[in-house]
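What follows is a single structure, written as structure tokens, with notes after it.
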Amino acid sequence: MAVDLHVHSSASDGTDAPDLVVAKAAAFGLTALALTDHDTLSGIPEALAAAARFPIELIPGVELSVDHAGAKIHMLAYFLEPTSGPLQDRLEGLRTGRSIRNLRIVERLNELGYSITMEDVLRHAAGDAVGRPHIADALVEAGAIENRSEAFAGLLSDGGSAYVERDRLTAIDAITLATESGGVTSIAHPLTINTDAANLRSILEDLRDHGLAGIEAHYSEYPPPIRTQLAAVAADLGLVATGGSDYHGLGKPDLQIGSGLGDLVVPDAALEELRHRRP
Ligand code: AMP
Ligand code: ZN
Ligand code: FE
Ligand code: FE
18 MAVDLHVHSS ASDGTDAPDL VVAKAAAFGL TALALTDHDT LSGIPEALAA AARFPIELIP
78 GVELSVDHAG AKIHMLAYFL EPTSGPLQDR LEGLRTGRSI RNLRIVERLN ELGYSITMED
138 VLRHAAGDAV GRPHIADALV EAGAIENRSE AFAGLLSDGG SAYVERDRLT AIDAITLATE
198 SGGVTSIAHP LTINTDAANL RSILEDLRDH GLAGIEAHYS EYPPPIRTQL AAVAADLGLV
258 ATGGSDYHGL GKPDLQIGSG LGDLVVPDAA LEELRHRRP
């Protein structure tokens, strides 16, 4: 039996509504699914209601963009009540930071000759966490690019000509806030951290010592031997090897819930180990 602990819905930059994501996960036969939208829990109530109609467990989660000594990290937090709490209460501020950044990106694009507006961007967003994927959608609609990936390979990439930084939590603050909120954390797609292998290991040790529970070893876009290697690193460091597809619906059209690119299997044990780390 398998789970998927990294899935996005239209509450952030996925294209399927939360209830559809749950229905797809149940149809695939997953025992559990974590909805991990960027900076928002607004899809969780709908997902929980949908999960009550299927033999599947819905884990409320969120994906945060954090910073640790200059390294950019995506942090998944799980088991968060979608009401209030120390981490929950910070999310609105993070979304405000997104709005400010989105406006600055649109301004940059206008200076570069792409005449899109914030209204164009918001038409592509169904939820309250708006970001670069929706700006990319507006550029596609304007005929400037073919798809989201083209935006992330050029204009909107880190260091791209329309790239703008945004405020992030520190990784340690994110772990602390998640723990105070009854949650546990895992580092998403750990190999996208902009650092070398030795430093990655020391970052993981450091964050583990601050309460980090896991790393996403079973990541859909990593080849199976890399997943195995990362699971060994997790075991070595006393971290849980979590995993997920990073499903975004049509936002990443090759990825499916549960199976990723076709060969992903995240064992139920990953979720059970994570559950044991709850504070
Ligand atoms: P933002 O959250 O606004 O900084 O936008 C970054 C998000 O865009 C990432 O977290 C991914 O979910 C998504 N993303 C990154 N690369 C791609 C891509 N090539 N195609 C589609 N979505 C992407
Ligand atoms: Zn995303
Ligand atoms: Fe991510
Ligand atoms: Fe993600």
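Those letters in the sequence shown? Residues 18 to 296, by my numbering. We put the CB at the ideal spot given by N, CA and C, even for glycine.
Distance from the CA atom of Val20 to the CA atom of Leu65, rounded to whole angstroms, is 16 angstroms. Runs of the alpha helix (DSSP H) spanning 4 or more residues and lying entirely within the segment 69–145 occur at 105–128 and 135–139, in chain order. Scanning Ala159, Asp263 and Thr259 for the CA closest to the CA of Arg292 turns up Thr259.
In the structure shown, Ser174 falls within a coil segment according to DSSP collapsed to helix, strand and coil. Under the three-state reduction of DSSP, Ile152 is assigned to helix.
The C-beta distance from Leu108 to Thr187 rounds to 16 angstroms, too long to fall under 8 angstroms, and the pair is not in contact.
Not one heavy atom of ligand 1 lies closer than 6 angstroms to the C-beta of Lys89. Under the criterion of beta carbons closer than 8 angstroms, Gly268 and Asp36 do not qualify as touching, at roughly 18 angstroms. Each of Tyr95, Val157, Ile152 and Leu52 was checked against the Cα of Arg121, and the nearest Cα belongs to Ile152. CA-to-CA, the gap between Asp226 and Ile243 works out to about 24 angstroms. By the neighbour-count criterion, in which a residue is buried when 16 or more other Cβ atoms sit within 10 angstroms of its Cβ, Glu233 is buried.
Secondary structure note for Ala49: its beta strand (DSSP E) is the uninterrupted segment Ala49 to His55.
When the five nearest sequence neighbours on each side are left out, the beta carbons in the same chain lying within less than 7 angstroms of the beta carbon of Pro241 are those of Asp280, in order along the chain.
In this structure, the C-beta of Lys41 stays at least 6 angstroms away from each heavy atom of ligand 1. The residue from Leu97, Phe45, Glu124 and Asn216 with its alpha-carbon nearest to that of Thr196 is Leu97. Burial check for Ala94: the Cβ neighbour count within 10 Å reaches 16 or more, so the residue is buried. Its Cα nearest to that of Gly177, the residue Leu129 stands out among Ala43, Glu158, Leu129 and Gly46.
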